[in-house]
Structure formats: structure tokens, C-alpha cells
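Chains as they are written, first to last, in the working numbering: chain A, 7 to 633; chain B, 2 to 440.
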């Protein structure tokens, strides 16, 4: 054969071979083309999982979701004469012309072939109006998405906020994408992982103009979303709502606990906010309003605020002293008002009377014995050693700890030890005379309403408690582990009987400070506390449990700047106890008195006596001690 | 005159088989390209595949009729054929329909005829006739005249303008080479391609030169070429026997100067003559950075479609890249992407091998002819087919710049299919008469 023929054949074979090599490279050796094709020809959409619901302890739905609609635009489909028609479109869309123009330009810049959000959170009524004429506005469409909805607008502080994830949230967890929501506070945050569920993924085949086409071409790992886990709270909706109603127009908090389980039945912080206003489009305005409110409505006083415990502390002191065998129920001390001031007509009380009368000198003496009991030491070492032993006993009541609460910002309060005083005064430079005010719940002591409710539960149980908690069950898995362990206060129950009998008298005695908490046919045990907040009115504090035998509810009530303990906190506690135990309220006079009271005036008339600098006191601190 | 029974016996069944295989593959593939993945296939003359089917039918009938015509008829009418196609090519410049900036079509309702497709046939015949008369292309004058025969239709087509089809006319180089054109032409062609590539690459960016500052990188290439060329010539001179020294050195110097002038012309053409989008195509091909992010859109998507085919492909009418409009011109110039995406590596290699086998079969037919006319004609047809494959498949594979020419038998286009069918049919008839004629 001709050599030239061979040359031409070789040339053809060479290029054929080159093409085959190239095909091998593209089709067999470079998998990136497949990925590229997939990303071009399919539109991956993540399917948001429905968030877990929240129920109250009786199975009533507290938090669910409702639909809102986002107005979307596909720039490619917009008519060319839109600019001349912008006013009408803006009116239809419920936006200003400038805002619409800006949003449209942004959408065009993002992609002509992909839909962008023009306006978020169109509510049902407006949606109905717009959807009716949607077809007259080519390029526009609606996307419906669920919005967290609080059916009773109850327990907002406890449940917390669920809002759009911030850039730092997105960075922390790749689960979240721009526009996703995340639990920001309260239980929404604590149980975020359980509530959020698993995102689904759907891919649809799209053409070069991003129109959805036959879906069975692109089938990359499609999977449905998995709904988040439902959560059953320990909260009793009726009790919670009543507590919220009672606290309306007041500042303060209510924490109610079922003593034998530690389950929190109600938790209210006042002033309150409407959790439904913190989702959707109104969130921005409302949030700003809440943040700038001097009464700090977003601040959950029940777990974050710390107050001096005041007179209520005397019960703890008595219990510790009896357990340490420094006193007995029979021990009497003179009411020597030269040591420390007191009030009321009594001269030489035993423990029970001292609790009922809230006798300051009595508990001065008690503390002196508890702290100064060590023998053969200097008064400095005696005070230091005694204080630390005392502190340990106080801590076993749960004071000075956050009581295992996972709620963000839960305060531990403050129980001072020798190290604290050493730091302030120097080692061996302070003795009992320096610290005696903690004997009557003053000084450096700080406790939270939650801790005080827990004290009420401990008293109700005569010596033990379970960590207060808010969750009865996550899905059907029951309580999260670690809850429900019985913790001992370290004081024998016989000693508690003395104190609880005194608490009964506080309520039942004709002149008892807690007489406003009396309920017909129910044996209520309570103790008032009055925390000074110069120059404003005192904080009214009351802790109680009921019934005396086999208690069902223990609670603490704080009403800031409202008066002495028995005046407001005690009747509120009584109403809540009555509601919880009888499911009704017979004492409507009491109910109306509370409901009509408006104690929220942040600057009531200063009392005449004190000439202290009228600095605007923070709502979470208290001073001085009254019954 | 020959007996028809001999003719029928000598008809080359393998060529017909390969041709029919390509035609069927092409049509089935076009159905997929024209309908896309969604819904049932619609039929009718309003659809691309329906029209193409009609063209196929008409072409096959015409091809069958052509097989009945004696070969001498084609030899005798070679110039007539050439003349008519030239006339049509000239006429289309005047009364043609302007589509996409080029006047290449005669429109008849929804059908159109592209005379340039038939010009390939006319040129093949005229070249074959000329070569068979001259007994080869050994002399320079013959070569020039042969080049003119091919050059006239090419020039008319360039006026449309349709650069792709003009490039295809380079396929006649194979026929001319077979008939005596020096192999140096091929070598010079290869050298020109290398020089062009180096020119494009070095001229694509600016460099900082000492004392001069920023300037086009091409200057460095020219300086390097001059220095290395001088050194190379010096070495060559010393390595050559003294009696050849002057001649070799002179030729080398002339070659180098011509190469440099070619590079200069090429660079000027790139910078001054080409329109921006054409320059971008070339830059995209060489992986150079292009200001316009969409400049490589076509080729990027073509490669993506092909690459996503994998071993066996997505299946017929199941390729989303081509089916959903990501690959432009996927019924015509980028039709190979459809086949590649849906049939994968196996199908693509099968097609390439089939196409190459078809060309080689045609060349094999050419070599067994006693008739020079048939041989040259066959080389012409084979060369044209080869150029189509080279440019079209090279383009979609990202090996050649984006030049719009159809892939024979695959691309939508009646004129192209009909012209190739006629060319093949004529060849088969001529081949069938190989024992009975001496021309």
C-alpha cells in the first residue's frame, strides 16, 4: 500500500486515540464533572423539620406553630414595564416604593433565575388579599413557612425565644443556614438539639432557566425531614396562667414546685412579655421595646434575680442550729434589742415563737452558738472555722448553687465563706461581730426566688428535695437523666417539724404576719419576708407550702417594691395554692384585690425616713431586713 | 457499459452498513436532543426529529436512485456539479436568508437548503476530475490549480461568512497529499500550529521588561525565538557537511524568518482583526483568563455534560445537562454532548471508533481503485468527514476552539445529511464499478 495512505491512516488513528483519551479523562477519571452537572441540573432544597411541640404537664399544647407567608420574586419572570408600574405593585405588596425597588434590585443581583424573598412574614389576612390578585403580578409568588406560636402566650420566660440564627450561630453549628431559627433562651435553647429535628433534603431537576422539571432525573440523597421531639413541661397551665394574671401590674416572680418530685408547676417573672410578639416580623420592634424598658421585662427574675433572703432565712438558721445541737425547740433567748433591732411585743421567745415573731436577737444568739462553738481557738479562728462549717450546711439546702438548672443565666446567689471575708478584711482580722448580719438573712447573703421555692419544698418534705426541673418528658423517653435524685438537706426531719409548726402559726395566728395567706379548710405553712430596697418600698416576699400534711405545692412569691411580706406576696401565694389544690378560687375578694392592684410604678413615693442616695436601685438586689 | 448484476455484486455492503448505522444512531440521538427528558416523544413535521426523519427518508431514496446511475455520469458531470454548487454558493450571498449573522440558507417554508454542504461534493468531484486528468499533483502548477479549485467555493463560503465550513475544506489537503502534494506541507502546517499556539499563549498577558516597563509578553517570545533560532542555526551549520552548508543554512534562516513573520501576523490578527468574542473563544481554549465570565460557558457546559456521562451514561432522553438546555446548540454543533451524556464512555468511544472506521473504510475503498477519479473523490469525502470530526468533536471535548460546524449524521440539518448521503452513494456506485472501468 501507498506510504502516503499509511500516513493519513496514522493521522486519523492518532486523533481518534487522542479523542478516546480525552473522553476517558472527562468521563472516567474526573468525577468532578458529575458533581458539577448535579449542582447545575438539580436544585437542592433543604426541607425544614417541624420543631418539637411543648405541652403542659396535663398534655395541653403550649407551643405549636402557625403558617406565615413570605413574598418571593423570580426576577426573570418580572414584566419589563415593571418600573413604570412600581407604585401599584408596591401598594399590592404592602411595601413602600423605595423598599420594593431596593428588594427587587437585590434579588436581581443575586440571581435572575432563582427566587429571592421580597417581604417576610405576611400574615393570613393580608396574604388572602394579595393571593387573590397574585396572578396579575407575574414573577411574584408566596412561600409558606411555619412560625412558632404560643397558644396561651404563657410561660414566656421559661419557654424562651426562638429566633433567627445569628452569624455566630451559623458558625458554631453547620446545621443552621442563613434564615434558620434557633432557640435563643429558656427551654427553647436548653432543648434545642431535641426540638429542632433533622432537616430533610429534596432535590428537583431544574433546567438552565432554573425551572423545575421532571424530578426523577436528579435523585441525589433525597430524604424527608424528621420532626423534632415534643417536650412535656412540668408546668401546670392553669396555675401558670393564674400566676401570670396575678402578677400583672407588678414586678417580681412566682416559682411553684411540686415538693415530692421537684417539678416546677409554675414560674413567672413580672413584668411579663408576649412571646408571640417575639416571633415573626414584629419581633424587631417589640424586642427593642423590651430591651429598653427600665423594668427589664426580658429578665427572668425567678432564676436570675438575687435578693437578700431576710426573715425567711431564720428558719434555715434554726434548722442548722438544732441539727448541730446548739439549741433545741425549747431554747429561749432574750429579745435584747441592744444587740440588734427587733419589732413586735415579745421578750423571751423559744424557737417557734422566734420564727413566728421573726425575733432578730434570738437568731443573733443562735448564730453566735453555731459559729462560735469550736473550743480552744481565738475568736478569729473560731469565726472562720464556724462560718465554713455553717456554709457547708447551708449549701446542702441548695443555696449558693444553681440547683442544677440548665436555663441560661441561672444565678447561684451568694453564700459567703471565710475566704470571702478574708479577701475583704484580711485573714484573722474579722470575727463574729463582723458577720453577724448573715444570722438574720442580711449581709452578703443572696438567694434567688427559685432557691427560696426549693427551700419551701425542702420544708414541705421535712428535710429533702429533688432538683427543681421543668421537663417531664422528652418525646416518650421520660425525664432527662439526673433529675429526680433525692437530695438531703442534712437536717433531721424532727427538727423540721418544729419549723413547719411555726410556719403554720405564721399563717394561722390571729396576729401572724402571713395571715393573709389563710385558706379555708387548707392548712397552709408559710413565712413572710420583707426585703428593704431603699429608697423605694420594700419587696414583699412569701414562701409557703400546703397542705401541711402530704404537701402538694411549695412556692415562693416575690413582689418588688410593694410593701411587707404579708401584704402582697402572701395572698398571691394563697390564691395559687387554692387554685392548685381545689381547681377553683372561693376567695374572690382576695382575687380581685390582687388583680386590681397596680404595683408596677417604678418610682413610688420614697419613704420619709432614709436619706440614702436615691440611686435607681436595680430590681435584683434587696437590702435590710424586716419581718 | 457494464452489466448491472456485476455492479450489484460489487456494491460495498460494509460501507453501507457503517453509513446506515451512523444514520440510525444520529437520528435516535437527535430524537433525544430535540425532545428532552420530559413527556412522551411528539411526532410530526413540526418537530426537529420529524423534519430530520423526512430528510433521512428523502436522502436514502435519493441515495438509492444515485446507486442506479452509472459512474461515468458523475465523472462527466463533475464540472457541472462543481459549477452548479458554486453558482448556488454565489446566489445564496444575494438571496439567502440571514440567520445568526450569516447568509448561508435558501429558505423554503420551514425547510432550508445550505448550498455550502453541497459545495463539498462539487469540490470533491472537480478536484477528482482535475487530478485524474493530470495524473497526479506532482508539479507546483498543478498543486496551485488544485488549490484554486478548492479555494473558490471556500472563498464564497467565507463571504457568508461561515469560517467553520471553510476550515472543513482543509480536508482536501489529504486528497492533494495523496496525489503528490509534498509532505512538507503537512510539516509546515504542524509547525504553523505550534507557532500559533506559542504566539497565543505568550501574547495573552503583559510582562514587565527591564528599561521598557509593562508590555505584551509576545516580545519576550520573539526575542527568545530569535536568540534560540540563531543558536540553532549555528549548530545546524556546524553539524552539516560543508557542501550542503550554504543551502541548509539559507533554508533554515528563511524558515525562521517566515515563522517569525507568521507569528507577527498571527499576533496582529489576534489583537486587531478578531472580534472580542472570537478572541475569547481562543483564550478559553487555552485556559487563559478571560474578562467575560460567560466566555467559556458553552465549552464548560459541554464538558460537564460529557463528563457526567460516566461509563454507561444517563440513558436515552435522560441527560439533564443537554435535555434541560444547559448545553447550547445541542441539536446541532454540540450534538455529541447529548450522545456522550446519555451513552457514556462506552457509547462515545463506540461512536468515535465507528466514525473513524467509516472514514478509514472510505480511504480503503479509495486505495483499491484503478480509477484515479474515484480515488481522489474518495479521499476528498474521507478528508471532509475527518475534518468534521476533528473540529466538531475536538470542540466539544475542549481540544479545539468553538467553531460551529455540524457533526455529520448526528447534527440536525437536512442539507448536511443529504449532501453526505449523496456523496457516499456516488462513492459506493463508483466503487462498485471498480473492476469494469479504467478512468
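The beta carbon of each residue, even a glycine, is placed where N, CA and C say it ideally should be.
Considering only C-alpha positions, which residue in the set A:388, A:387, A:385, A:373 is nearest to residue 400 (chain A)?
-> A:373
With distances taken between CB atoms, is the gap from residue 534 (chain A) to residue 318 (chain A) smaller than 9 Å?
-> yes
Quick one: what does DSSP say residue 131 (chain A) is sitting in, helix, strand or coil?
-> helix
Can residue 428 (chain A) and residue 390 (chain A) be called in contact, C-beta distance under 9 Å?
-> yes
Helix, strand or coil at residue 44 (chain B) [DSSP, three-state] = coil
For residue 17 (chain B), three-class secondary structure by DSSP | helix
Any C-beta of chain B sitting closer than 9 Å to the C-beta of residue 15 (chain A)?
-> yes
Would you say residue 219 (chain A) reaches chain B, if we count a Cβ-Cβ gap shorter than 9 Å as a contact?
-> yes
Pick from A:266, A:132, A:108 that is closest to residue 561 (chain A), judged by C-alpha positions | A:266
Please confirm if the stretch 44 to 64 of chain A is in contact with the stretch 249 to 258 of chain A, defined as three or more CB-CB distances below 8 Å between the two stretches.
-> no
Neighbour flag for residue 310 (chain B) against chain A, beta carbons, 9 Å = For residue 310 (chain B), the answer is yes, since a Cβ of chain A falls inside 9 Å of its Cβ.
Under three-state DSSP, which class holds residue 6 (chain A)?
-> With chain A covering only 7 through 633, there is no way to say anything about residue 6 (chain A).
Contacts of residue 307 (chain B) in chain A (Cβ-Cβ under 8 Å) | Residue 307 (chain B) reaches chain A at 29, 32, 33, 39, counting residues in chain order whose Cβ is nearer than 8 Å.
What is the residue span of the beta strand (DSSP E) that residue 210 (chain B) lies within?
-> 207 to 210
How would you label residue 396 (chain B), buried or exposed, when you count the other beta carbons within 10 angstroms and need 16 or more for buried?
-> buried
Relative to the alpha-carbon of residue 162 (chain B), which residue among B:21, B:33, B:94 has its alpha-carbon at the smallest distance?
-> B:94
Can you tell me which of the three DSSP states residue 470 (chain A) falls into?
-> strand
Mapping DSSP to helix, strand and coil, what is residue 2 (chain A)?
-> Since the displayed chain A opens at 7 and closes at 633, residue 2 (chain A) lies outside it and no answer follows.
Please report how far the alpha carbon of residue 169 (chain A) lies from the alpha carbon of residue 189 (chain A), in whole angstroms.
-> 6 Å
Closest by C-alpha distance to residue 144 (chain A), when choosing among A:81, A:218, A:191 = Nearest C-alpha to residue 144 (chain A): A:81.
Starting from the C-beta of residue 198 (chain A), find all residues in its chain whose C-beta is less than 6 Å away, skip the five residues before and the five after it, and write them out in chain order.
-> 189
For residue 122 (chain B), which of helix, strand or coil comes out of DSSP?
-> helix
At least one CB of chain A closer than 9 Å to the CB of residue 87 (chain B): is that the case?
-> no
From A:404, A:410, A:411, A:412, pick the residue whose C-alpha is nearest to that of residue 420 (chain A); which is it?
-> Ranking the options by Cα distance to residue 420 (chain A), first place goes to A:404.
Thinking C-alpha only, which one of A:542, A:545, A:591 is nearest residue 525 (chain A)?
-> A:591
State the DSSP-derived secondary structure class of residue 154 (chain A), mapped to helix, strand or coil.
-> Here residue 154 (chain A) sits in strand by DSSP.
Alpha-carbon to alpha-carbon, residue 92 (chain A) and residue 567 (chain A) | 56 Å
Taking residue 320 (chain A) as part of the alpha helix (DSSP H), name the residues at either end of that continuous run.
-> 319 to 329
Could you have a look at residue 119 (chain A) and say whether DSSP puts it in helix, strand or coil?
-> In the three-state reduction of the DSSP assignment, residue 119 (chain A) falls in the coil class.
Considering only the beta carbon of each residue, do residue 310 (chain B) and residue 346 (chain B) sit closer than 9 Å?
-> Cβ atoms of residue 310 (chain B) and residue 346 (chain B): closer than 9 Å.
Same chain, Cβ closer than 8 Å to residue 283 (chain A), five either side skipped, listed in chain order = 289, 292
Does DSSP classify residue 338 (chain A) as helix, strand or coil?
-> coil
Quick one: measure Cβ to Cβ for residue 536 (chain A) and residue 484 (chain A), integer angstroms, because I've assumed they're closer than 8 Å.
-> The Cβ separation is near 41 Å, so there is no contact.
Which residues does DSSP pair with residue 79 (chain A) in a beta bridge?
-> Paired residue(s): A:122, A:146.
Alpha carbon of residue 121 (chain A) to alpha carbon of residue 79 (chain A), nearest angstrom | Distance between the alpha carbons of residue 121 (chain A) and residue 79 (chain A): 5 Å.
What are the residues of the stretch 285 to 300 of chain A that lie near chain B, defined by any Cβ-Cβ distance shorter than 9 Å?
-> Listed by position, the residues of the stretch 285 to 300 of chain A near chain B (Cβ gap below 9 Å) amount to none.
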